[in-house]
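*Asks:* Okay, here's the structure, questions in a sec.
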Amino acid sequence: MEKEGTKMRKIKLGSVGLEVSAQGLGCMGMSANFYGLPKPEPEMIKVIHHAIISGVTLLDTADIYGPNTNEILIGKALKGGMRERVVLATKFGVVLASDDKRAEGNREVHGDPAYVRAACEASLKRLDVDCIDLYYQHRIDTRVPIEITIRELKKLIEEGKIKHIGLSEASASTIRRAHAVHPITAVELE
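Counting along the sequence shown from 1, when you hit position 187 you're at 169 in this note's numbering, and nothing is skipped either side.
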């Protein structure tokens, strides 16, 4: 086992004070789909463990990464007491398009309540956790008012399935409307 690293500076996200390390670990490149072939799982688990031991407390993934296999990898890496040491962030809402469009690499965006709930349940299962610390809407579904999506996420908080809500690639107006329903802890922009 590696020696514990130096303490990493912490920052607070949002108005409710979710505390994370100033540097997080984005895990997208550890699985196939976006950056070629998947990396060897044992090596990626070592990378994740090294980051945690070095003081990184924020791990970031999404259901589309792999797709799905990245969350499974993270779940495996968080066994043996590692889960308690991190803030786990994952995202929902981007899915591969139907078979006829998939070959073109097209994606669809979903934010309706039934999808939000089903995606959360699936992520909890793949990650093998009871609760997701920070749950992002990966892209905004313009067919569904953001207030409806956030209300469903708020229900998931009330049920103890997620702790905080994040948005990715959202306009200032969308962020304000979402925040009026429930505090938004983090906003991710590429």
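Ideal placement from N, C-alpha and C gives every residue a C-beta, glycine not left out.
Bear in mind that the values here come from a model prediction, so they are computed numbers and not experimental data.
By the three-class DSSP mapping on this structure, what secondary structure does S19 have?
*Replies:* Position 37 of the sequence shown, counted from the first residue, corresponds to residue 19. In the sequence as presented, Ser is not what sits at residue 19; that position holds Leu. Coil, per DSSP.
*Asks:* For L(-5), which residues of its own chain have a beta-carbon under 7 Å away from its beta-carbon, when the five flanking residues on both sides are left out?
*Replies:* Mapped onto the sequence shown, residue -5 falls at position 13. Closer than 7 Å at the Cβ level, and outside the excluded window around L(-5), lie V2, T167, A168.
*Asks:* Output the distance between the C-alpha atoms of I114 and T72, rounded to the nearest integer angstrom.
*Replies:* Within the sequence shown, numbered from 1, the residue matching residue 114 stands at position 132. Within the sequence shown, numbered from 1, the residue matching residue 72 stands at position 90. Whole-angstrom Cα-Cα distance: 7 Å.
*Asks:* Note the first and the last residue of the continuous alpha helix (DSSP H) segment covering E140.
*Replies:* The residue labelled residue 140 in the question sits at position 158 within the sequence shown. 128 to 140 is the extent of the alpha helix (DSSP H) around E140.
*Asks:* Whole angstroms is fine: what's the gap from S150's alpha carbon to G62's?
*Replies:* Mapped onto the sequence shown, residue 150 falls at position 168. Mapped onto the sequence shown, residue 62 falls at position 80. Roughly 31 Å between the two C-alpha positions.
*Asks:* If you scan the segment -7 to 60 from start to end, which runs of the alpha helix (DSSP H) of 4 or more residues do you find wholly inside it?
*Replies:* Here the runs fully enclosed are 23 to 35, 51 to 59.
*Asks:* Decide if E172 is buried, meaning its Cβ has at least 16 other Cβ atoms within 10 Å, or exposed.
*Replies:* Walking along the sequence shown from the start, residue 172 turns up at place 190. Under this definition E172 is an exposed residue.
*Asks:* If you drop the 5 nearest sequence neighbours on each side, which residues of the same chain put their C-beta closer than 7 Å to that of M26?
*Replies:* Position 44 of the sequence shown, counted from the first residue, corresponds to residue 26. So the list reads M12, L55, once near-sequence residues are dropped.
*Asks:* Using a 10 Å radius around the Cβ and a threshold of 16 neighbouring Cβ atoms, would you call I(-7) buried or exposed?
*Replies:* Reading the sequence shown from its first residue, position 11 is the one you call residue -7. Exposed, since its Cβ has fewer than 16 Cβ neighbours within 10 Å.
*Asks:* What residues in its chain sit with their C-beta under 7 Å from that of V38, if we drop five residues either side in the sequence?
*Replies:* Walking along the sequence shown from the start, residue 38 turns up at place 56. Contacts found: M(-10), S3, Q5, G6, L7.
*Asks:* To the nearest angstrom, how far is it from the Cα of V98 to the Cα of T124?
*Replies:* The residue you call residue 98 lines up with position 116 of the sequence shown. The residue you call residue 124 lines up with position 142 of the sequence shown. For V98 and T124, the distance between alpha carbons rounds to 14 Å.
*Asks:* From L41 to L70, what does the alpha carbon distance come to, in whole angstroms?
*Replies:* Residue mapping note: residue 41 aligns to position 59 of the sequence shown, counting from 1. Residue mapping note: residue 70 aligns to position 88 of the sequence shown, counting from 1. One C-alpha to the other measures close to 5 Å.
*Asks:* Going by the DSSP bridge assignment, what does A71 pair with across the sheet?
*Replies:* Reading the sequence shown from its first residue, position 89 is the one you call residue 71. Note: A71 sits in a beta bridge opposite D42, L116.
*Asks:* Contact criterion: CB-CB distance below 8 Å. Does H31 meet it with respect to chain C?
*Replies:* Any reference to chain C falls outside this structure, which holds one protein chain only.
*Asks:* Could you give the residue range of the alpha helix (DSSP H) that holds L78?
*Replies:* Here residue 78 corresponds to residue number 96 of the sequence shown, with the count starting at 1. Note, L78: premise wrong, no alpha helix (DSSP H); beta strand (DSSP E) at 76 to 78.
*Asks:* Just confirm the distance between the C-beta atoms of C102 and K145, as a whole number of angstroms; I'd bet it's less than 8 Å.
*Replies:* Within the sequence shown, the letter at position 120 stands for residue 102. Within the sequence shown, the letter at position 163 stands for residue 145. Rounded, the Cβ-Cβ distance is 12 Å, inconsistent with contact.
*Asks:* Taking the continuous alpha helix (DSSP H) assigned at K107, which residues delimit it?
*Replies:* On the sequence shown, position 125 is the one that residue 107 refers to. 95 to 109 is the span of the alpha helix (DSSP H), which, as asked, contains K107.
*Asks:* What is the rounded straight-line gap between the Cα of I147 and the Cα of H92?
*Replies:* The residue given as residue 147 occupies position 165 in the sequence shown. The residue given as residue 92 occupies position 110 in the sequence shown. The straight-line gap from Cα to Cα measures roughly 16 Å.
*Asks:* Drop a sphere of 10 angstroms on the beta-carbon of R158, count the other beta-carbons inside from all chains shown, and report buried for 16 or more, exposed for fewer.
*Replies:* The residue you call residue 158 lines up with position 176 of the sequence shown. Exposed is the call here.
*Asks:* Taking 8 Å as the cut-off, decide whether the C-beta atoms of T156 and I122 are in contact.
*Replies:* As a position in the sequence shown, residue 156 is number 174, starting the count at 1. As a position in the sequence shown, residue 122 is number 140, starting the count at 1. Yes, the Cβ-Cβ distance between T156 and I122 is below 8 Å.
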